[in-house]
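Quick note on numbering: this note's numbering labels position 160 of the sequence shown as 160, and the sequence is numbered without any gaps. Scroll down for the structure; my scribbles are underneath it.
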Amino acid sequence: MTTISPVTVQRLHEQGFNVDEAWLAEIAPWLRWSPVLCGTFAAVGTALASPWILFALAGTAFLGAVLPFHPFDLIYNYGIRFLVGKRPLPPNRAPRRFACGIATAWLIATALLFSSGQVTAGYVLGAMFVGVAALVSTTDICIASIIFNFFARRPQGIAS
């Protein structure tokens, strides 16, 4: 049986993946699938200063924000998982979808910088995006999910 560290469990719970530990241990590496692909395409779009690649990627990120799955998850759920004999990825919950929403805005901003001739700023913003995607892809630390959870857990209202 595959095991998973408590730190990894906590990081994946922060992203909204609250399935049992056996399932989580089995699919944990595959929960990085969409961030890896997103980061890779963003790196290519940034390196080529291509607003079109970045706008297209923003479209997939937007779908990841509004649907209970990221479009890249479909490649795993309907293909790869049968080849590797693993369970499907669970639905994306609010923290991960929030992260996709942030990614959508970030990718659009980067694409707009490149399309308006502000190439240096586009490279900086694009490189920062790739760095954040690399962080979640290698450590399961999702900054946007942490931000979501911070605000979602804050008490509402003003103390008197």
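Think of the CB as a built atom: it goes at the ideal place given N, C-alpha and C, for glycine as much as any other residue. Remember, it's a predicted structure, so these values are computed and weren't measured experimentally.
- In terms of CA proximity to V130, T46 leads the group I75, T46, I147, R97.
- Distances from the alpha-carbon of Q10 to those of C142, W106, I102, A105 put C142 closest.
- N92 and G39 have their C-alpha atoms roughly 18 Å apart.
- For A65, the closest C-alpha among the options T2, A105, M128, L83 is that of A105.
- The Cβ atoms of L12 and A28 sit closer than 8 Å to each other.
- In this structure, P95 lies near G16, with their beta-carbon atoms less than 8 Å apart.
- Minimum Cα-Cα distance from L57 among the listed residues F82, G117, A111, I80 corresponds to A111.
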